[in-house]
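Here is the structure we will look at, set down as structure tokens.
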């Protein structure tokens with residue numbers, strides 16, 4: 001399996017004796033919880049991508065910033081890699097530990113430092129759960145907009161590290177659009193504040209760079225997020241279609257009508273069935289696809305927009321259109337979508353969730369390609385789709401206990417991502433590259449582009465101690481696994497060995 | 001606005017060639033689009049890298065809400081094309097002259113009155129093609145709304161003023177032009193106005209611009225007809241010509257004429273910051289962005305202004321560094337650690353210092 005850290009391809013790591021590192025860190029940071037027994041390390045062997053597991057050398061659980069700083073300084077001096085972890089809900093193996101590395105768990109930093117309703121800002125520690133921010137802001141009529149499906153459990157530090165999305169991105173943006181300021185510690189233990197409570201800062205936009213950098217550039221120690229006034233009202237329309245393609249076209253028609261819905265989601269027949277069996281959301285089981293369109297804002301505008309969208313959907317050939325009568329029904333409609341992953345999980349022993357993005361116009365073609373891959377492999381694929389922003393989540397159903405099925409699922413997943421890249425899209429819209437999509441990075445980017453990423457990394461962490469092996473592949477890895485781009489028949493980096 | 005057809009010319013190869021030669025010969029380059037923003041930042045000595053010829057819309061699909069344009073395309077021409085399809089660049093980039101280009105708008109990263117509500121220039125950059133120090137044309141980001149593959153180099157380029165690479169093409173997220181708009185003025189003293197803005201800010205109202213000057217709170221409402229009408233009725237006030245916001249955005253408003261010895265400063269402050277304790281008459285301050293961006297005409301020195309801003313968590317930029325009384329260092333100096341990582345980045349992406357050297361800071 002190529003997914004676990006492979007020094008031959010991912011770069012050499014310093015070899016250090018575990019007891020030597022343990023003793024060193026215990027002396028350097030005496031009051032910090034440091035786990036080293038196998039049974040204590042076991043719970044940390046994977047994140048939300050449970051198919052990949054590695055026991056870390058040590059797990060550090062600091063509860064003071066001075067401890068984080070001291071730990072980083074020691075690891076820097078020793079050349080020991082550091083993998084940072086928040087709530088461990090990430091789906092791309094971004095917090096997959098290293099056998100020779102320290103896993104730095106930030107979950108004890110769980111304080112909401114301040115909610116400032118007049119400035120509409122919240123200052124929080126990285127271990128604060130995403131939903132907890134909105135809960136703390138609710139008394140002031142405010143909320144934090146990005147809402148990844150895991151929002152009850154995922155923490156904001158991880159959200160920033162992965163530039164997390166959710167179902168409301170088209171209108172409200174990703175994490176990067178909603179974060180004002182981030183405090184980081186570099187691998188050398190230096191403190192930096194990126195961004196500010198003001199709307200800009202002098203110099204380079206390092207705040208934008210740190211969002212989505214997957215723990216490769218620094219360790220996030222504090223975050224200030226923007227809060228928005230809760231929309232006065234939100235209404236949901238559910239439209240059924242007898243054809244996936246028609247549903248896909250309807251998405252474009254809604255946008256073409258000048259409407260930016262708060263959420264615009266699509267599910268195919270298999271996903272509808274799974275969700276309906278699981279939560280009885282009231283989804284039509286005979287439909288080939290449904291669209292959920294949420295319109296939010298000021299009551300009068302939302303009513304006008306609902307009328308417009310209804311007309312657009314009718315014209316696009318919807319077989320049935322329902323508007324949630326009240327908040328309870330609206331919550332029910334969403335419950336099906338928000339529980340789509342666990343719902344599919346009930347249908348199959350295992351599933352593998354993909355995260356490609358495409359221009360919306362390519363949807364019919366890519367769905368056909370996915371159907372063909374599904375047929376060819378014999379693995380069922382359920383499609384859940386943030387249709388408004390072109391972010392697909394095909395769920396590949398398989399049984400890991402059957403010989404070869406995990407490998408087959410990974411292969412189908414890889415091919416789906418390549419379909420997305422070929423359609424002008426991306427291998428990841430919101431889950432991140434992590435360890436999972438490290439090989440697919442080689443099909444999205446040329447070696448010269450990957451070299452620029454390495455240059456950025458070198459500016460912050462020249463020894464490559466922060467989360468090595470994640471996010472950006474080495475050129476050696478691309479040469480071996482990637483569908484390397486060959487331009488003008490000129491093989492880039494001919495000096496590299498091809499294994 | 002009448003616009004000529006946008007010239008469709010791709011001179012990326014020639015630009016790459018010039019950058020390669022400059023890299024080999026270690027010749028500093030001054031990246032020039034319409035040359036309308038040269039006043040912003042420190043002066044750059046170098047061979048001109050002329051971008052204006054590299055123009056045209058590479059692709060535009062209104063339904064996808066994405067447009068990709070060459071950096072030398074005139075901002076006004078792009079906006080006219082988007083307007084044909086009832087769409088816009090929501091960050092309202094300032095235009096300091098007709099020749100103003102898209103590349104210059106992104107490189108300086110400046111945003112207009114809608115910024116606090118809609119987002120900044122960088123928020124609408126989805127992808128770029130960049131010419132690197134070695135003269136290679138590389139693609140980062142893309143033409144999709146969500147893309148977290150690799151580091152976000154495109155957003156890093158926004159506001160870096162060409163010091164890390166040359167922006168060749170830019171893909172933007174575009175948005176529909178709101179169906180209804182109404183601007184109004186309310187007679188309010190500064191303190192009352194700031195309180196009112198804090199109060200309004202906590203409500204889901206369709207406000208997309210808020211300024212205060214000379215005893216008047218100036219507001220723009222944009223959104224659906226129903227909500228704009230309802231909010232207009234609720235707030236009252238006198239109607240304001242929508243052209244006011246363009247004058248403010250492009251500094252064509254009478255306020256922006258400085259007297260002798262005065263420099264124009266931009267103070268960027270946290271939302272809800274109180275008036276700063278500075279010896280500046282109220283008539284020489286223009287509050288924009290609901291108070292987060294304040295334009296100031298003053299003869300006060302840079303340190304005095306910067307200390308006052310820093311005490312509340314903001315910073316100050318001199319917009320007239322080349323004028324008498326202007327600051328030699330237009331941008332607030334960085335702290336030592338942040339500066340170190342700026343230098344590291346510059347050293348990695350522009351080892352010979354050929355890209356707009358010294359434009360942001362003397363050191364890089």
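Chains as they are written, first to last, in the UniProt record's numbering: chain A, 1 to 499; chain B, 1 to 364. All C-beta atoms in this analysis are idealised placements derived from N, C-alpha and C, irrespective of residue type, glycine included. Computed from a predicted structure; not experimentally measured.
Neighbourhood of residue i by C-beta distance below 7 Å, restricted to the same chain and skipping five residues each side
i, result
"residue 380 of chain A", "270, 374 and 397"
"residue 261 of chain B", "299, 324 and 325"
"residue 97 of chain B", "34 and 36"
"residue 231 of chain B", "205, 206 and 221"
"residue 3 of chain B", "Below a pLDDT of 50, predicted positions are generally treated as unreliable, and residue 3 of chain B, at 47, falls in that range; the measurement from the model is reported next regardless. 76, 77 and 80."
"residue 110 of chain A", "125, 127 and 128"
"residue 131 of chain B", "15, 16, 19, 137, 165, 166 and 168"
"residue 116 of chain B", "289, 290 and 292"
"residue 224 of chain B", "179 and 180"
"residue 275 of chain B", "190"
Residues that residue i bridges to, as DSSP identifies them
i, result
"residue 61 of chain B", "B:66"
"residue 173 of chain B", "B:66"
"residue 47 of chain B", "B:29"
"residue 212 of chain B", "B:217 and B:287"
"residue 427 of chain A", "Answer by DSSP bridge pairing: none, since residue 427 of chain A is not bridged."
"residue 101 of chain A", "Bridge partners of residue 101 of chain A: none, in fact."
"residue 472 of chain A", "The partner list for residue 472 of chain A (beta bridge, DSSP) is empty, contrary to what the question assumes."
"residue 440 of chain A", "For residue 440 of chain A, which the question treats as bridged, DSSP gives no partner whatsoever."
"residue 224 of chain A", "A:123 and A:181"
"residue 263 of chain B", "B:298"
"residue 108 of chain B", "The partner list for residue 108 of chain B (beta bridge, DSSP) is empty, contrary to what the question assumes."
Same chain only: Cβ atoms within 8 Å of residue i, ignoring 5 sequence neighbours per side
i, result
"residue 22 of chain A", "34, 36 and 58"
"residue 288 of chain A", "241, 242, 243, 244, 247, 268 and 269"
"residue 499 of chain A", "Per-residue confidence for residue 499 of chain A stands at a pLDDT of 45, beneath the threshold of 50, marking its modelled position as unreliable; no derived number is given."
"residue 457 of chain A", "216, 217, 464 and 472"
"residue 188 of chain B", "196, 212, 215, 216 and 217"
"residue 163 of chain B", "346, 350, 355, 356, 357, 359, 360 and 364"
Chain-order list of residues whose beta-carbon lies under 6 Å from that of residue i (same chain, five-residue window excluded)
i, result
"residue 384 of chain A", "267, 271, 340 and 393"
"residue 492 of chain A", "Since pLDDT at residue 492 of chain A reaches only 48, below the 50 mark, its modelled position is unreliable, and the value read off the structure follows with that caveat. Answer for residue 492 of chain A: 447, listed in chain order."
"residue 313 of chain B", "270"
"residue 272 of chain B", "198"
"residue 50 of chain B", "32"
"residue 258 of chain B", "264 and 297"
"residue 318 of chain B", "263, 265, 326, 327 and 330"
"residue 213 of chain A", "none"
query = So does the stretch 55-72 of chain B actually touch the stretch 3-13 of chain B, counting three or more Cβ pairs closer than 8 Å?
reply = yes
Contained alpha helix (DSSP H) runs [length at least 4] in the stretch 325-351 of chain B, N- to C-terminal order = 336-349
message = For the pair the stretch 219-237 of chain A and the stretch 134-152 of chain A, tell me if three or more CB-CB distances fall below 8 Å.
response = yes
request  = Report the residues of the stretch 334-346 of chain B with a CB closer than 7 Å to any CB of chain A, ordered along the chain.
outcome  = 334, 337, 338, 341, 342, 344 and 345
query = Between the stretch 365-372 of chain A and the stretch 325-343 of chain A, do three or more beta carbon pairs fall short of 8 Å?
reply = no
message = At a CB distance below 7 Å, what residues from the stretch 83-95 of chain B approach chain A? Give them in sequence order.
response = 86
request  = Select from the stretch 194-226 of chain B all residues with a C-beta closer than 8 Å to any C-beta belonging to chain A, and list them in chain order.
outcome  = 198, 201, 202, 203, 204, 205, 206, 223, 224, 225 and 226
ask   = Between the stretch 147-159 of chain B and the stretch 199-215 of chain B, do three or more beta carbon pairs fall short of 8 Å?
value = no
request  = Taking a Cβ distance cut-off of 9 Å, strictly less, list which residues of the stretch 182-200 of chain A are near chain B, in chain order.
outcome  = 186, 190, 191, 192, 193, 194, 196, 197, 198, 199 and 200
Entirely enclosed beta strand (DSSP E) segments - the stretch 21-99 of chain A, minimum 3 residues = 33-35, 58-61 and 82-85
key: 3-residue-minimum beta strand (DSSP E) runs that sit fully inside the stretch 320-367 of chain A, ordered along the chain   = 320-323 and 350-353
inquiry  = Under 8 Å, with one C-beta from each stretch per pair, do the stretch 296-311 of chain A and the stretch 251-268 of chain A reach the 3-pair mark?
reply    = yes
Minimum length 3: unbroken beta strand (DSSP E) runs contained in the stretch 231-298 of chain A = 233-241, 263-268 and 289-297
inquiry  = So within the stretch 149-210 of chain B, which uninterrupted beta strand (DSSP E) runs reach at least 3 residues, ignoring any that extend past its ends?
reply    = For the stretch 149-210 of chain B, whole beta strand (DSSP E) runs of length 3 or above, ordered along the chain, are 166-173 and 180-187.
key: Stretch-stretch touch, CB-based, cutoff 8 Å, three pairs: the stretch 147-156 of chain B with the stretch 87-102 of chain B   = No: the two stretches stay apart, fewer than three of their Cβ pairs being nearer than 8 Å.
key: Under 8 Å (Cβ pairs) to chain B, residues found in the stretch 152-163 of chain A   = 162 and 163
inquiry  = Under 8 Å, with one C-beta from each stretch per pair, do the stretch 354-363 of chain A and the stretch 427-436 of chain A reach the 3-pair mark?
reply    = yes
message = With three or more C-beta pairs closer than 8 Å as the rule, is the stretch 173-193 of chain B touching the stretch 61-72 of chain B?
response = yes
query = Between the stretch 235-246 of chain B and the stretch 310-318 of chain A, do three or more beta carbon pairs fall short of 8 Å?
reply = no
ask   = In the stretch 450-469 of chain A, which residues sit with their C-beta less than 7 Å from some C-beta in chain B, listed in chain order?
value = 452, 453, 455, 456, 458, 459 and 460
inquiry  = Threshold first: 4 residues or longer. Then list the alpha helix (DSSP H) segments lying entirely within the stretch 110-194 of chain A, N to C.
reply    = Listed in chain order, they are 130-137, 156-162 and 169-172.
key: Three-pair Cβ contact test at 8 Å for the stretch 302-317 of chain B versus the stretch 326-334 of chain B   = Yes, the stretch 302-317 of chain B touches the stretch 326-334 of chain B.
task = May I ask you to list, following chain order, the residues of the stretch 134-152 of chain A that have a beta carbon less than 9 Å from some beta carbon of chain B?
result = 140, 141 and 142
query = Along the stretch 216-232 of chain A, what residues have a CB closer than 7 Å to any CB found in chain B?
reply = 229, 230, 231 and 232
key: chain B contacts made by the stretch 344-360 of chain A, where a contact means CB separation under 9 Å   = Listed by position along the chain: 355, 357, 358, 359 and 360.
query = Three or more C-beta pairs closer than 8 Å, one from the stretch 40-60 of chain A and one from the stretch 87-95 of chain A: is that the case here?
reply = yes
ask   = For the stretch 295-307 of chain B, which residues have a beta carbon sitting closer than 8 Å to at least one beta carbon of chain A?
value = none
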